[in-house]
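Quick note on numbering that gives the first Met the number 0: the sequence shown kicks off at 0 and runs consecutively. Beta carbons are placed, not taken as given, at the ideal position from N, Cα and C, and that holds for glycine.
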Amino acid sequence: MRDVVMEDDVCFNYPIKTVVQCNKFDIEDEPRCGRPVTDKVDAISEKVEQDRHISSYDIAEELGIDHKTVLIHLNKAEYTIQLATLVPHELTEKNLMYTVLICDSQFKRSQTESFLERLITGDEKWITGNKNVQKRL
Numbered sequence: 000m001r002d003v004v005m006e007d008d009v010c011f012n013y014p015i016k017t018v019v020q021c022n023k024f025d026i027e028d029e030p031r032c033g034r035p036v037t038d039k040v041d042a043i044s045e046k047v048e049q050d051r052h053i054s055s056y057d058i059a060e061e062l063g064i065d066h067k068t069v070l071i072h073l074n075k076a077e078y079t080i081q082l083a084t085l086v087p088h089e090l091t092e093k094n095l096m097y098t099v100l101i102c103d104s105q106f107k108r109s110q111t112e113s114f115l116e117r118l119i120t121g122d123e124k125w126i127t128g129n130k131n132v133q134k135r136l
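Structure below.
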């Protein structure tokens, strides 16, 4: 290979050091140079808690960090975008109780009135008809 490539090629001038030669057996990361963003992680979470409809572009602009960094930290905090709102992936206690309440009411409704009684058949299509008016909780 050395015969094909020119003698003063840059790639052959770098010294190669192995882990054994450097005596570095620690598997922990060494401190890196550059700007750490750890102080901005809490600020990202606070912005989302204050306004669930804020966009990731607005967060990046207000905090002065890269948009991709904001997306990475939102993903690590398990936020997902649902209907243009940032929502935690896991349900809160209130949301969980509300979901159980709705499931329970739908289950009891299916026991009292049959699903087939609520179906209306038409020409060649199935049309669902709902006699009940749902009340807001």
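Residue state for Ile101 is assigned as helix, using DSSP reduced to three classes. Beyond the five residues adjoining it in sequence on each side, Glu89 comes within less than 6 Å, by CB distance, of no other residue in the same chain. For Val47 and Lys107, the gap between their C-alpha atoms comes out near 37 Å.
When rounded, the separation of the alpha-carbon atoms in Tyr78 and Ile71 is 10 Å. Straight through space, the alpha carbons of Glu45 and Leu95 are spaced by roughly 23 Å.
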